[in-house]
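Data first, discussion second: the structure below is written as structure tokens.
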Amino acid sequence: MIKKSIFVLITILTLWQALPADAVLTDLASESVKKHQELLVTIAEKERILNTLRMNPAKASLWNFADRNRRERTVQQRSRLINEINSLNHQSDQVKLDILSQRAGLYESLKNPSEITDSLVAAINYGDKLEFERLAAYQFLDQASISLKNGSDKAELLKTIYTRQSLVINDIDAMISRLKAKNTALKAISGAFIGEIDTQIQELGEIRRKGQISQDLIKDK
């Protein structure tokens, strides 16, 4: 039985190694996407349960033994759930980093039309969604925020923020370029540009414009 299991494992590994590098990367990315989605579902369910375990002091009496026990159990349940949710969020963040790190390799596969599959496009789209959310959530420094920065280290602080914002703008430019490449690659197959991609490009362009305004404001200080 053990020998048979080892043989099956070796066979699977051999077949997996025989796959083209692009196919292997797509499979890995698809697994990461699946794992991330499962984690999000699990987190949402545990948060739902946590919300049902609200403390209600108005209905509880610390002098009542049953109420006190019920309250202590609720506290313990909430604490356990919070720890589990924090752990799951950490796992989710790690998987998200894996997905984002795989995007460059997946986009390379788009350059070869024969390598484009539904799984590849789905993995790329999911990674793009996560990257878009990351970039859209970034808060560039505005005039009011700059005015609030005081102290002798203001110049150094603004310099640090300027550098950080420059990196974000570079990431925006990189994503816009990749989205254009994806649209071109998919157009070669479907014969039409994807409107959703154009919308993302326009929204990223607006985010970039705000970022550049912020950079100009910082340079003027």
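Under my numbering, the letters of the sequence shown match residues 1 to 221, in that order.
From the three backbone atoms N, C-alpha and C, an ideal C-beta is built for every residue, glycine too.
Beta-carbon gap between I218 and I161 smaller than 9 Å: yes
Whole-angstrom distance between E31 and A18, CA atom to CA atom: Residue placement at A18 is flagged as unreliable, the pLDDT there being 42, under the threshold of 50; a coordinate-derived value is accordingly withheld.
Span of the alpha helix (DSSP H), counted from its first residue to its last, around R164: K154 to S190
CB of I124 within 9 Å of CB of K182, strictly: yes
L88 beta carbon less than 9 Å from that of K149: no
Burial state of A44 (16 or more Cβ within 10 Å): exposed
Cβ separation of I85 and L50, assumed to be a contact under 8 Å, to the nearest whole Å: 7 Å
Expected contact under 8 Å - CB spacing of M175 and E133 to nearest Å: Not really, about 11 Å apart at Cβ, beyond 8 Å.
C-alpha distance - L141 paired with S214, whole-angstrom precision: 6 Å
Every unbroken alpha helix (DSSP H) inside the region 49-137 [4 residues or more]: 65-109 and 118-137
Distance, R80 Cα to D27 Cα: 34 Å
Helix, strand or coil at D220 [DSSP, three-state]: coil
Same chain, Cβ closer than 6 Å to L120, neighbours up to 5 away in sequence not counted: T26 and S109
Classification of H90 by the beta-carbon crowding that lies within 10 angstroms, buried from 16 upward: exposed
When E72, A188, V75 and Q200 are compared against S114, the one with the closest alpha-carbon: A188
Proximity of D128 and R178 at Cβ, strictly below 9 Å: yes
Span separating the alpha-carbon of S145 from that of R164: 16 Å
With 16 other Cβ atoms within 10 Å as the buried cut-off, status of E203: exposed
Spatial distance of S190 from A122 (CA atoms): 15 Å
Inter-residue spacing [alpha-carbon to alpha-carbon] between R68 and Q212: 57 Å
Three-state class that DSSP yields for L141 in the structure shown: coil
Burial state of I12, where buried means 16 or more other Cβ atoms lie within 10 Å: In this predicted model, I12 has a pLDDT of only 43, less than 50, meaning its place in the structure is not dependable enough to derive any value.
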